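The structure appears below as structure tokens.
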Amino acid sequence: MSAIVLLTNPIDPDETLRLSRHAQVRVASSLDGEAFVDEARNADVIIVRSPIPASILEHARRLRGIVRHGAGVDIVPVEEATAKGIPVSNTPGANAVAVAEYAVGQMLQLSRRLHTVDARLRSDGWHVSRELSSGAIELSGKTVGIIGVGAIGEALAGMCHYGFQMPVMGYRRDPSKMPGYIRAAAIDDVFRAADFIVLACPLTAETRGMVNRRTLGLMKQGACIINVARGAVINQDHLVDVLAQEKICAALDVFETQPLPEDSPLLKMPNVILSSHIAGITIESMRRISTLSVDQALELLAGRLPEPLVNPQVAERALKRMEILESRR
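Sequential numbering from 784 applies to the sequence shown in our numbering.
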């Protein structure tokens, strides 16, 4: 019986072809409830781009491992997989450049009000649009504060420091791992001092709701916050209230509820730029992530553990599980 790799969503075509030389590659017809659980029943590996329910683990008896096509594992039932000895891997850093470039692009848009200039030129004409330039600022010399200096944060810090001569502040649990040109700072100090604050941290119990009315209240007049992390890192109701005061501005790529509800007050706010969770999506980043994901899937099919593992504590049990599964083929 040939191996089956189930994709929650399509991946890079060339990498799909490479994977198909070693296994049947199937794309889920639905991610809803029983239909997806049924399709996952005979999967040897699942490559994940969309949230999957923990219930599949009760039925996917052949499952060797789960590969996260991306870095954030909040859409994978890691705890339940760990309990069953199922390894979970991911591809951290593969989209770091794409996300960092997105953040820089939003800083440029916000500093020059380009999104508003474009809209007003189309609706009100040349002269009205041109008047908006009176409030434009330069990035050079402005301070950027990065919450979560991992692969994305480091890529962004380098672009800001070397490309725009911006002082960089950063918060990381282990500040000794940050480049020397990043000034280590506590979260509150970043919010007080930075002109641009970029959230690039994972969503954890510690970071959920970390940005709230109190922290937003620390921001300087005219400062901007950019979220490329996860929506739930910000208390969205608090953010809406603070944005309504027009003291700060924002650029948001992620939200507490996705898709963003059509009645969200954010959609009517002029001092926020919105996008649909696309910061990490470029042709290049999707190819890199797909290559790494397929590499990891092939390792699992060969009876080996991929790297990096999100739950390395399952290593011994996972190898034994794969031996048993192989003996049943």
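Ideal Cβ placement from N, Cα and C applies to all residues, glycine included.
Please read these numbers as outputs of a predicted model, since none were measured by experiment.
- A distance of 8 angstroms or more separates the beta carbons of R956 and G855.
- Taking 8 angstroms as the cut-off, the Cβ atoms of I965 and V932 count as close.
- DSSP places V951 in the uninterrupted beta strand (DSSP E) bounded by V951 to Y954.
- At the C-beta level, Q807 and S785 come within 8 angstroms of one another.
- DSSP, reduced to helix, strand and coil, places S912 within a helical segment of the structure shown.
- Under the three-pair Cβ rule at 8 angstroms, the region 995-1007 does not count as touching the region 903-914.
- If you check the CB distance, A881 and T1040 do not come in under 8 angstroms.
- Where F974 is concerned, the enclosing alpha helix (DSSP H) starts and stops at I970 to A976.
- Two segments are said to touch when three or more pairs of C-beta atoms, one from each, lie closer than 8 angstroms; by this definition the region 1068-1075 does not touch the region 1036-1054.
- Between G848 and V871, the CB-CB gap stays under 8 angstroms.
- The three-state reading of DSSP puts R895 in helix, counting H, G and I together.
- For R1071, the uninterrupted alpha helix (DSSP H) run begins and ends at I1066 to L1084, by DSSP.
- Beta-bridge partners assigned by DSSP to L1057: L1035.
- Inclusion of V927 and V951 in the CB contact set at 8 angstroms is warranted, their separation being smaller than that value.
- Residue pairing by DSSP places A967 opposite G953 in a beta bridge.
- The criterion of a C-beta distance shorter than 8 angstroms is satisfied by A883 and A938.
- Nearest neighbour of H805 by Cα position, chosen from A1080, K1103, L1102 and R1104, turns out to be A1080.
- Measuring C-alpha to C-alpha distances from P860 to each of M1105, A1101, R1100 and N1094 identifies N1094 as the nearest.
- In this structure, DSSP gives R845 a state outside helix and strand, which the three-state scheme calls coil.
- Taken through DSSP and simplified to helix, strand or coil, I1017 comes out as strand.
- Annotated three-state conformation of C943 is helix, per DSSP.
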